[in-house]
Amino acid sequence: MGEKSPALLVALSMTLSAIGMQGGWADEASDVAAVRAAAEKYQDVNVALASGYVPDPSGHCVDAAAEGLPPEWGAMGLHYLNPAVLQLTASEPRVDGNSTHTDFMAPAILLYEPQADGSLVLVGVENLVFQDAWKKAGNSTAPVFAGRTWDTMADDPNTAADEAHGFAPHFDQHVWAFRDNPSGVLMPFNPNVTCEHQMAMGH
């Protein structure tokens, strides 16, 4: 094919963008906007606490570098869990439960970034379903949100990192509804989230 003119390239780009907005891209954007609206109240962590969310008992701020993963991935932050939604059954040797909850209008987990003044900023939400419970419920494939298959998480005993972050094998999906993520709004880690202030406090 011959060389395309700049005008043709611009027109092609605009056409592809329009197709994307009419399809999956638009669906993802609208889904994330709905999640943001539903979780906005939890920007006040006291509202989260009053609604049944509790800090991860470990107090662990999940940071890629600290987990033995590429530092450029960034962090997840602090996890505030809703035990009733997760239907937790055990904390040792790994956190386990019966959750098959996939409704992001009422997420099982809230993600907060610690600030220098000790406050917390809501950066995203997460849902998590335990693989065993999910399969017992008759599901043969991982859940899907906004066209993306959830991440499959299970610790690999042959590595130093804990790929499941202390949890039994599970599927999870993060939605960075309150913090721009250059890696993608549905990716597990966010380069724009940091645990530096939590680490500075010795946690």
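Position 127 of the sequence shown, counting from 1, maps to 127 under UniProt numbering, and the rest follow consecutively. Glycine included, every Cβ here is placed at the ideal spot set by N, Cα and C. Only a predicted model underlies this, so the values are computations on that prediction, with no experimental measurement involved.
Taking a contact as a CB-CB distance under 8 Å, the pair F145 and S99 does not count as one, their CB atoms being some 15 Å apart. The C-beta distance from E113 to T194 rounds to 7 Å, short enough to meet the 8 Å contact threshold. Between the C-alpha atoms of A137 and P83 there is a straight-line separation of about 19 Å. Taken atom to atom, the span from the alpha-carbon of A106 to that of G59 is near 23 Å. The alpha-carbon separation between V32 and E40 amounts to approximately 12 Å. Cβ-Cβ distances below 8 Å link L120 to V45, L78, Y112, E113 and P114 in the same chain, with the five nearest sequence neighbours on each side left out; the list follows chain order. In the three-state scheme derived from DSSP, where H, G and I count as helix and E and B as strand, H79 is classed as strand. Counting of Cβ neighbours within 10 angstroms places A133 among the buried residues, the total reaching 16 or more. In the structure shown, the three-state DSSP call for P71 is helix.
Contact check for Y80 and A50: beta-carbon distance about 12 Å, past the 8 Å limit, so the pair fails to qualify. Approximately 7 Å separates the beta-carbon atoms of A75 and N190; this is inside 8 Å, confirming the contact.
Annotation note: the region 33-60 contains the following uninterrupted alpha helix (DSSP H) runs of length 4 or greater, listed N- to C-terminal: 45-50. Beta-bridge pairing by DSSP links M153 to H170. Inter-segment contact for the region 179-186 and the region 156-164 is absent: fewer than three beta-carbon pairs are separated by less than 8 Å. Annotated three-state conformation of E28 is helix, per DSSP.
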